[in-house]
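S.K.: This is the structure I have questions about; it appears just below.
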Amino acid sequence: MNYAPSSLQLNDVNYGFKIERTYTAIDDPSHVQKQSDGTWKFKLQKKIRVILTMATTQRQYHITLVDYLPADLTSSKRNYHYDEYRPRSTIGWTEHEKFRDERAEAFRSLLGSDVYEWSYVMRATCAGTFIILPAKAEEMYSPEKFGRCATEKVIIE
Numbered sequence: 011m012n013y014a015p016s017s018l019q020l021n022d023v024n025y026g027f028k029i030e031r032t033y034t035a036i037d038d039p040s041h042v043q044k045q046s047d048g049t050w051k052f053k054l055q056k057k058i059r060v061i062l063t064m065a066t067t068q069r070q071y072h073i074t075l076v077d078y079l080p081a082d083l084t085s086s087k088r089n090y091h092y093d094e095y096r097p098r099s100t101i102g103w104t105e106h107e108k109f110r111d112e113r114a115e116a117f118r119s120l121l122g123s124d125v126y127e128w129s130y131v132m133r134a135t136c137a138g139t140f141i142i143l144p145a146k147a148e149e150m151y152s153p154e155k156f157g158r159c160a161t162e163k164v165i166i167e
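For what it's worth, the working numbering labels the leading residue of the sequence shown as 11, then goes sequentially.
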C-alpha cells in the first residue's frame, strides 16, 4: 500500500535500488547551480539535463524508474548530445520510456547488478521556488524492492 508521507522532506532510501539525481546545464554552466545548502538554482527558460544514476547489487525484474518533475518544468526527449563516456550497456538500458506532464519514466524487464544511468532534458518555464520530489525505482510486481533519492528544492529565476 502507498501512504502519503507526513513530511514533504523525504530522505533517500535503498531497499534494492540506490538512486542519485543530478542536474547539469546544456548551454551555459551558469544556468544550473547547486548552492551550499543543497538547493538547486535554475535559469528561467533554459534547457537542463537530468541525470539519474541507479545502482543495484542483484538481478531485478520488471523495473520502473520514475522521476517526478517539479511544478512548472517540462520534460523533453532524452540524451541531448550526452557524450560522457560510460559503458553502453549502462546508458542505453531502457526498453521503454514515457515523458508525461508531471514525470518522466523508464522501464526494463530485467537488470543485472550494475550501475545504470538515464538522462533526459527539461526546461524551466516559470519563476518561483519549488519542491523536487524524489525519483523512485522499484520492481513493479515486488514493490518492497525499491529505492529513492532525497527530496530537494529548486529556485527558478
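Beta carbons: idealized from backbone N, C-alpha and C, even for Gly. These numbers were taken from a predicted model, which means no experiment stands behind them.
Can the beta-carbon of residue 150 be found closer than 8 Å to that of residue 83?
M.R.: No.
S.K.: Please report the residue range of the beta strand (DSSP E) in which residue 106 lies.
M.R.: First-last of the beta strand (DSSP E) with residue 106: 106 to 109.
S.K.: Between residue 155 and residue 25, which are expected to be in contact by the criterion C-beta below 8 Å, what is the C-beta distance as a whole number of angstroms?
M.R.: About 6 Å; that satisfies the 8 Å criterion.
S.K.: Need the endpoints of the beta strand (DSSP E) that residue 18 sits in, please.
M.R.: Residue 18 -> no beta strand (DSSP E), and no H or E assigned at all.
S.K.: So, is residue 41 buried or exposed, given that buried needs 16 or more other C-beta atoms within 10 angstroms?
M.R.: With 16 or more Cβ atoms within 10 Å of its Cβ, residue 41 is classed as buried.
S.K.: Is residue 40 helix, strand or coil when you go by DSSP?
M.R.: Reduced to three states, the DSSP call for residue 40 is helix.
S.K.: Taking the alpha carbon of residue 71 as the reference point, which residue from 143, 144 and 118 has its own alpha carbon closest?
M.R.: The shortest Cα separation from residue 71 among 143, 144 and 118 belongs to 118.
S.K.: Identify the continuous beta strand (DSSP E) that holds residue 138 and give its terminal residues.
M.R.: First-last of the beta strand (DSSP E) with residue 138: 138 to 142.
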